[in-house]
Amino acid sequence: MCTLEQRGRVFVLTLTGDGEHRLGHPLIASIRSALASVLAAAQAQPQGPGAALVTVAEGRFFSNGLDVGRAGGSRARLRELVDAFRPIAADLLALPMPTVAAVTGHASAAGLLLALCHDYRLMRADRGVLYMGLPLPPYVARLLRAKITQAHALRDVALRGRKLRAPEAREMGIVDAVCAGAPETAAEAVKLAEQLAAREWDGAVYASIRVSTFPDACRAVGIAVESDEEKSRHFASRL
Amino acid sequence: RSPNPRMDKRTMCTVEKRGRVHLITLTGAGEHRLSPSLISALRSALATVRASPSAGALVLAAEGKYFSNGFDQAWARTVPPHLHDSMRGAFRALVADLLALPMPTVAAVTGHAAAAGCALALAHDSVVMRASRGFLYMSEVDVGLKFADYFGELLRQKVPDAAARRDMVLGGNKMTAAEAVRLGIVDAAADGGVEDVVAAAVAAAEGLAARGWDGEVVAEIRKAMWPAVWGKVKDHPAAARPRL
Numbered sequence: 001m002c003t004l005e006q007r008g009r010v011f012v013l014t015l016t017g018d019g020e021h022r023l024g025h026p027l028i029a030s031i032r033s034a035l036a037s038v039l040a041a042a043q044a045q046p047q048g049p050g051a052a053l054v055t056v057a058e059g060r061f062f063s064n065g066l067d068v069g070r071a072g073g074s075r076a077r078l079r080e081l082v083d084a085f086r087p088i089a090a091d092l093l094a095l096p097m098p099t100v101a102a103v104t105g106h107a108s109a110a111g112l113l114l115a116l117c118h119d120y121r122l123m124r125a126d127r128g129v130l131y132m133g134l135p136l137p138p139y140v141a142r143l144l145r146a147k148i149t150q151a152h153a154l155r156d157v158a159l160r161g162r163k164l165r166a167p168e169a170r171e172m173g174i175v176d177a178v179c180a181g182a183p184e185t186a187a188e189a190v191k192l193a194e195q196l197a198a199r200e201w202d203g204a205v206y207a208s209i210r211v212s213t214f215p216d217a218c219r220a221v222g223i224a225v226e227s228d229e230e231k232s233r234h235f236a237s238r239l
Numbered sequence: 001r002s003p004n005p006r007m008d009k010r011t012m013c014t015v016e017k018r019g020r021v022h023l024i025t026l027t028g029a030g031e032h033r034l035s036p037s038l039i040s041a042l043r044s045a046l047a048t049v050r051a052s053p054s055a056g057a058l059v060l061a062a063e064g065k066y067f068s069n070g071f072d073q074a075w076a077r078t079v080p081p082h083l084h085d086s087m088r089g090a091f092r093a094l095v096a097d098l099l100a101l102p103m104p105t106v107a108a109v110t111g112h113a114a115a116a117g118c119a120l121a122l123a124h125d126s127v128v129m130r131a132s133r134g135f136l137y138m139s140e141v142d143v144g145l146k147f148a149d150y151f152g153e154l155l156r157q158k159v160p161d162a163a164a165r166r167d168m169v170l171g172g173n174k175m176t177a178a179e180a181v182r183l184g185i186v187d188a189a190a191d192g193g194v195e196d197v198v199a200a201a202v203a204a205a206e207g208l209a210a211r212g213w214d215g216e217v218v219a220e221i222r223k224a225m226w227p228a229v230w231g232k233v234k235d236h237p238a239a240a241r242p243r244l
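If you read the sequences in order, they're chains A and B.
Position 160 of the first sequence, counting from 1, maps to 160 under the working numbering, and the rest follow consecutively.
Position 50 of the second sequence, counting from 1, maps to 50 under the working numbering, and the rest follow consecutively.
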């Protein structure tokens, strides 16, 4: 399902195996468990050296979306999985460290969303498309609006179901860098994560700034926004 | 150019008229840290400008190497925490003053603008930035400071591109004038020194003032274009106008 390893300052979460990495309950639970471990490690060392997360996948797919096929595509099942994915978005958007998605294959629907919930996206040039096909539940629409901001990009992705290869995705600001193939994408993602971790940012501050920057998307997935009083107290403590 | 710019009693900023343009200059070679004193001086200067009878435009500029390097944390260290709000709250009120100003506003970013100093620049309608020197820098991530909620809205308004915004606030990138122009965050980069940047900003402001727009209409349109920021800064308890 997924593995988690630590390489120096970088946590690497790998969606394992050659399949589509469809997000059903088992994989969702596995990812949440891995992210909980990352969070615990970060919180154990709040003043510790910086850290960063890379999410990568084996095989031809980054993730082909929610696992809707099984029950014959019932609306109830779809609804259930849409609700189950939301906490992953929250976990990622609240993670107290920079996050990098190494899009090593096709990323569609919830798979694209998974990539978008990271701070940075690197994608392989030689294969793979980004694609948003399904109807958009409210929190999904708010996430897309927060992260896809270039003129026409949101319309093309959400309203026209446009399939984007890496170079186009980069032009549209959806992907930050394009790498030759899957191994290069993974390696560059880890390198970027190391550079970000080396900045030794305060994780709680980093996460707080992320929430301040994408407040609507964060509220949409259930992340609590800090009060002014809490921030004032933090300001005083930092002097 | 008026020969005797009016000096604020603490000489932290001057106000002068150049044609139709009201030019406020943060004086001295220092970092123009946004202390309660400087914020109060700025708010007084804006009150003076607001009271002026003729239509015009505003330019805010600074002397020296810095436009502003942000909040005065050194001052904050010398007072008990409950007084920090007098600085942070006063800055919120200053932003409200700028958003409600009944004339076009231009920031002349003559030097480094960091954290609240960067927010101050971006709270203007247009920005002219020195080409050869100086950065826009949201330093909070590097320094370990969280954002007031309206900072996030201000950045979202002025840096609509999600990746550019992420690079600034979550990457701590120091942005040059050329990059800022390319990304549309800043309207123009001006070659030369501080005075050249000020002259360019004043020329831009003069062009806007010459349109003869109704100032109250300008203010209402601006607030309507920036509802998220305006909503968070108006009606703040510290927004009571200072005495001249």
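Each residue gets a CB set at the ideal place from its N, CA and C atoms; glycine is no exception.
- Can you give the Cα-Cα distance for Leu-155(B) and Ser-208(A), rounded to whole angstroms? Sequence index remark: in the second sequence, residue 155(B) carries index 155 (1-based). Sequence index remark: in the first sequence, residue 208(A) carries index 208 (1-based). Each residue's alpha carbon lies about 15 Å from the other.
- Message: Do Leu-46(B) and Leu-136(B) have their beta-carbon atoms positioned less than 8 Å apart in this structure?
- Response: If you number the second sequence from 1, residue 136(B) lands on position 136. If you number the second sequence from 1, residue 46(B) lands on position 46. No, they are not a contact pair.
- Query: In the structure shown, what three-state DSSP assignment does Glu-16(B) receive?
  - Reply: Taking the second sequence and counting its residues from 1, the one referred to as residue 16(B) is at position 16. Strand.
- Can you find a CB in chain B that lies within less than 8 Å of the CB of Phe-11(A)? Residue 11(A) sits at position 11 when you count from the first residue of the first sequence. Chain B, which has no Cβ nearer than 8 Å to the Cβ of Phe-11(A), makes this no.
- Message: Which of the three DSSP states is assigned to Lys-146(B) in this structure?
- Response: By one-based count along the second sequence, residue 146(B) stands at place 146. Note: Lys-146(B) maps to coil in three-state DSSP.
- Task: Show which residues of chain A have a CB atom less than 8 Å away from the CB atom of Leu-155(B).
- Result: One-based indexing of the second sequence puts residue 155(B) at position 155. Going along chain A in sequence order, the residues near Leu-155(B) (Cβ under 8 Å) are Thr-213.
- Run of the alpha helix (DSSP H) containing Gln-47(A), from where it starts to where it stops: In the first sequence, counting from the first residue as 1, residue 47(A) sits at position 47. Per DSSP, Gln-47(A) lies in no alpha helix (DSSP H) and is assigned neither H nor E.
- Task: Kindly identify the DSSP beta-bridge partner or partners of Val-127(B).
- Result: As a position in the second sequence, residue 127(B) is number 127, starting the count at 1. BP columns for Val-127(B) point to Ala-107(B).
- Task: Look at the Cβ atom of Gly-19(B), then the Cβ atom of Glu-195(B), and state whether they are nearer than 8 Å.
- Result: Counting from one through the second sequence, the residue named residue 19(B) turns up at place 19. Counting from one through the second sequence, the residue named residue 195(B) turns up at place 195. No.
- Going by the beta-carbon positions, is the gap between Gly-133(A) and Gly-161(A) smaller than 8 Å? Counted from its first residue, the first sequence places residue 133(A) at position 133. Counted from its first residue, the first sequence places residue 161(A) at position 161. In terms of Cβ geometry, Gly-133(A) and Gly-161(A) form a close pair [threshold 8 Å].
- Ordered along the chain, which non-local residues of its own chain (more than five positions away) have a Cβ less than 7 Å from that of Ser-232(B)? Position 232 of the second sequence holds residue 232(B). The question names Ser, but residue 232(B) in the sequence shown is Lys. Correct list, in chain order: Asp-149, Tyr-150, Glu-153.
- Message: Using CA atoms only, rank isn't needed, just tell me which of Ala-44(A), Val-12(A), Leu-66(A) is closest to Arg-22(A).
- Response: Reading the first sequence from its first residue, position 22 is the one you call residue 22(A). The shortest C-alpha separation from Arg-22(A) is found at Leu-66(A).
- Residue from Leu-208(B), Arg-166(B), Leu-98(B), Thr-48(B) whose Cα sits closest to the Cα of Ala-146(A): Taking the first sequence and counting its residues from 1, one reaches residue 146(A) at position 146. Here the closest residue by C-alpha is Arg-166(B).
- Rounded to the nearest angstrom, how far is the Cβ of Lys-64(B) from that of Ala-114(B), given a contact under 8 Å? Stepping through the second sequence from its first residue, residue 64(B) is reached at position 64. Stepping through the second sequence from its first residue, residue 114(B) is reached at position 114. Checking the displayed sequence, the identity of residue 64(B) turns out to be Gly instead of Lys. Contact between Gly-64(B) and Ala-114(B) fails: their C-beta atoms lie close to 14 Å from each other, not under 8 Å.
- From this set, Arg-9(A), Ala-34(A), Val-103(A), which residue's C-alpha is nearest Ala-182(A)'s C-alpha? Counting from 1 along the first sequence, the entry for residue 182(A) is found at position 182. Just measuring C-alpha positions, the residue of Arg-9(A), Ala-34(A), Val-103(A) sitting nearest Ala-182(A) is Val-103(A).
- Task: Please work out which residues of its chain come closer than 6 Å, Cβ to Cβ, to Ala-61(B), disregarding the five sequence neighbours upstream and downstream, and give them in chain order.
- Result: Taking the first residue of the second sequence as 1, we reach residue 61(B) at position 61. If the five residues before and after Ala-61(B) are omitted, its C-beta is found closer than 6 Å to the C-beta atoms of Thr-25, Ala-108, Thr-110, Val-198, all from its own chain and listed in chain order.
- Message: Just checking: is the beta-carbon of Ala-146(A) within a distance shorter than 8 Å of some beta-carbon in chain B?
- Response: Taking the first sequence and counting its residues from 1, one reaches residue 146(A) at position 146. Taking 8 Å as the threshold, the shortest C-beta distance from Ala-146(A) to chain B falls below it.
- Tell me whether the beta-carbon of Ala-141(A) lies closer than 8 Å to the beta-carbon of Ile-174(A). For the purposes of this step, residue 141(A) is taken as the residue at position 141 of the first sequence. For the purposes of this step, residue 174(A) is taken as the residue at position 174 of the first sequence. No, they are not a contact pair.
- In chain B, which residues lie less than 8 Å from Gln-150(A) when you measure between Cβ atoms? By 1-based counting over the first sequence, the position of residue 150(A) is 150. Per Cβ cutoff of 8 Å: Asp-161.
- Taking any Cβ of chain B, which residues in the segment 225-236 of chain A have a Cβ under 8 Å from it, in chain order? Per Cβ criterion, the list reads Val-225, Glu-226, Asp-228, Lys-231, Ser-232, Arg-233, His-234, Phe-235, Ala-236.
- Query: Given that Val-205(A) touches chain B, what residues does it touch there, using C-beta distances under 8 Å?
  - Reply: Here residue 205(A) refers to the residue found at position 205 of the first sequence. Against chain B, the beta carbon of Val-205(A) has neighbours under 8 Å at Glu-140, Val-141, Gly-144, Leu-145, Lys-146, listed in chain order.
- Item | Range covered by the alpha helix (DSSP H) that runs through Ala-177(B) | One-based indexing of the second sequence puts residue 177(B) at position 177. Start and end: 177-182.
- In angstroms with no decimal places, state the Cα-to-Cα distance between Asp-214(B) and Ala-116(B). Looking up residue 214(B) in the second sequence gives position 214. Looking up residue 116(B) in the second sequence gives position 116. In a straight line, the C-alpha of Asp-214(B) is about 30 Å away from that of Ala-116(B).
- Message: Can you tell me where the alpha helix (DSSP H) holding Gln-73(B) begins and where it ends?
- Response: Walking along the second sequence from the start, residue 73(B) turns up at place 73. Counting along the chain, the alpha helix (DSSP H) containing Gln-73(B) begins and ends at 73-77.
- Item | Residue range of the unbroken beta strand (DSSP E) whose run includes Phe-235(A) | For this step, residue 235(A) is matched to residue 235 along the first sequence. Premise fails: Phe-235(A) lies in the alpha helix (DSSP H), 228-237, not in any beta strand (DSSP E).
- Cβ pair Arg-9(A), Ala-197(A) closer than 8 Å: Working through the first sequence from its first residue, we reach residue 9(A) at position 9. Working through the first sequence from its first residue, we reach residue 197(A) at position 197. Yes, they are a contact pair.
- Message: Quick check: the segment 86-103 of chain A against the segment 52-62 of chain A, are at least 3 beta-carbon pairs closer than 8 Å?
- Response: Contact between the segment 52-62 of chain A and the segment 86-103 of chain A is present, with at least three C-beta pairs closer than 8 Å.
- Task: Measure from the C-beta of Arg-210(A) to each C-beta in chain B and report whether the shortest distance is under 8 Å.
- Result: As a working note, residue 210(A) is residue 210 in the first sequence. Closer than 8 Å to the CB of Arg-210(A) there is at least one CB belonging to chain B.
- Query: Around the Cβ of Val-217(B), are there at least 16 other Cβ atoms within 10 angstroms (buried) or fewer (exposed)?
  - Reply: Residue numbering aside, residue 217(B) sits at position 217 when the second sequence is read from its first letter. Counting the other Cβ atoms within 10 Å of the Cβ of Val-217(B) gives fewer than 16, which makes it exposed.
- Message: Relative to the C-alpha of Ser-139(B), which candidate in Ala-224(B), Thr-11(B), Asn-69(B) has its C-alpha closest?
- Response: Taking the first residue of the second sequence as position 1, residue 139(B) is located at position 139. Sorting Ala-224(B), Thr-11(B), Asn-69(B) by C-alpha distance to the C-alpha of Ser-139(B) places Asn-69(B) at the top.
- Message: Distance check for His-32(B) and Ser-54(B), CA to CA, integer angstroms please.
- Response: Counting from 1 along the second sequence, the entry for residue 54(B) is found at position 54. Counting from 1 along the second sequence, the entry for residue 32(B) is found at position 32. Looking at the two C-alpha atoms, the distance is approximately 29 Å.
- Start-end ranges of the alpha helix (DSSP H) lying completely within the segment 167-199 of chain A, minimum 4 residues: Taking only runs of at least 4 residues, the alpha helix (DSSP H) segments lying wholly in the segment 167-199 of chain A are 182-197.
- Query: Using a beta-carbon distance cut-off of less than 8 Å, what residues from the segment 70-90 of chain B approach chain A?
  - Reply: Under the 8 Å Cβ criterion, the segment 70-90 of chain B contributes Gln-73, Ala-76, Arg-77, Pro-81, His-84, Asp-85, Arg-88.
- Under a three-way DSSP split, which group does His-84(B) fall into? In the second sequence, the residue the question calls residue 84(B) occupies position 84. Helix, per DSSP.
- Measure from the C-beta of Asp-156(A) to each C-beta in chain B and report whether the shortest distance is under 8 Å. On the first sequence, residue 156(A) is found 156 positions in, with the first residue counted as 1. It does not; no Cβ of chain B falls within 8 Å.
- Message: Does Met-97(A) come out as helix, strand or coil in the three-state DSSP assignment?
- Response: Taking the first sequence and counting its residues from 1, the one referred to as residue 97(A) is at position 97. In this structure, DSSP gives Met-97(A) a state outside helix and strand, which the three-state scheme calls coil.
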